[in-house]
Ligand SMILES: Cc1cc2nc3c(=O)[nH]c(=O)nc-3n(C[C@H](O)[C@H](O)[C@H](O)COP(=O)(O)O)c2cc1C
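In the working numbering, the protein residues as written are 11 to 368.
Below you can see the structure in the form of structure tokens.
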């Protein structure tokens, strides 16, 4: 089933294979996408759907070094190189909107930008900066109601720019401990206003962002990525997690968004998302359901055959195998992945992995 087409009314895919979003930190000049990035994504265009690396809708969301943005005209022009390269080969591409929130260091932010989060609690751990090496995360400022309204508007504006740049849609990154999940997660969101304190309160920011994005570009061009039970960036489980995510999914289903992209990071050491819970989410959501995390060809085939998902996303195998689709179809060996070049600038470990027969 992996290699069969899939048609949603607004999106025809040539196979069920999604290239998962992966930060690669090659936007070296003012967080602007470039020809090297276009070459990288173009090499991987045989995926049914590409979801780009996390891309900030705001100067305040550029917490990591050299990640791309999507809030200026220069960003739009840079991303056009990428969407053109993918479309020229018949591929489809969504941009992942990732506001890093408190997962940031001020040295990575442009002048005037601020580290913002639901509450003023510092993210545990360290991150890389180009000028000061590894550093503890910077202290965030707790967002005011105005900050929240501004951030919601930034997502909607960025989604509009995404369409201008030629993207087929946007994925809201509500996983892995970035801004939206900082609001969702009860271990991090200690607000006592209407944006915290209960299931409805913690879901509110995510839903406001989703509604504003849907109003900007249409529900059939919006997906969302979720990682309940994830532990990355100080997240972790909490007693109401299942009821909360179910409530969120039910609201998103009513909004009619295109897809839910559910991440299970147990292959990377996080607790597994219980199979029964995944199934309840799939039933509650009426659109496309994408599963990601630790899949190989056989695992993907069996998940699709069992009806657990409509599409399967692969991340690390796509780094090392630009022609992952063709290799899996031919049951050919995969290139090994070099972790040391995940986030380093330049073509090494980025555009120089060989395709079969080259
Ligand atoms: C280098 C690297 C960068 C990543 N960056 C992102 C990102 O920007 N956004 C995101 O949602 N997930 C990101 N991920 C997580 C992947 O999308 C994926 O969920 C994870 O690697 C598990 O899938 P896999 O077992 O197929 O690699 C990243 C993973 C890797 C290895």
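Each residue gets a CB set at the ideal place from its N, CA and C atoms; glycine is no exception.
Distance cut-off 7 Å: residue i Cβ against heavy atoms of ligand 1
i	result
residue 57	no
residue 186	yes
residue 277	yes
residue 76	no
residue 64	yes
Residue i in three-state terms, based on DSSP
i	result
residue 24	coil
residue 220	helix
residue 177	coil
residue 33	coil
residue 81	coil
residue 50	helix
residue 281	coil
residue 254	helix
residue 269	strand
residue 202	coil
residue 4	Since the first and last residues shown for the chain are 11 and 368, residue 4 lies out of range.
residue 146	strand
Of the residues the options, the one placed nearest residue i, counting alpha carbons only
i	options	result
residue 263	275, 232 and 281	232
residue 63	108, 28, 98 and 38	108
residue 351	39, 326, 368 and 150	326
residue 129	117, 154 and 110	154
residue 101	61, 151 and 309	61
residue 152	202, 119 and 146	202
residue 141	76, 334 and 12	76
residue 40	167, 25 and 66	66
Classification of residue i by the beta-carbon crowding that lies within 10 angstroms, buried from 16 upward
i	result
residue 53	buried
residue 218	buried
residue 99	exposed
residue 348	exposed
residue 15	exposed
residue 366	exposed
According to DSSP, residues forming a beta bridge with residue i
i	result
residue 134	Partner(s): none; residue 134 has no beta bridge.
residue 183	235
residue 151	126
residue 310	Partner(s): none; residue 310 has no beta bridge.
residue 106	64 and 181
residue 323	28 and 302
Distance cut-off 7 Å: residue i Cβ against heavy atoms of ligand 2
i	result
residue 270	No copy of ligand 2 occurs in the structure displayed; its ligands are ligand 1 alone.
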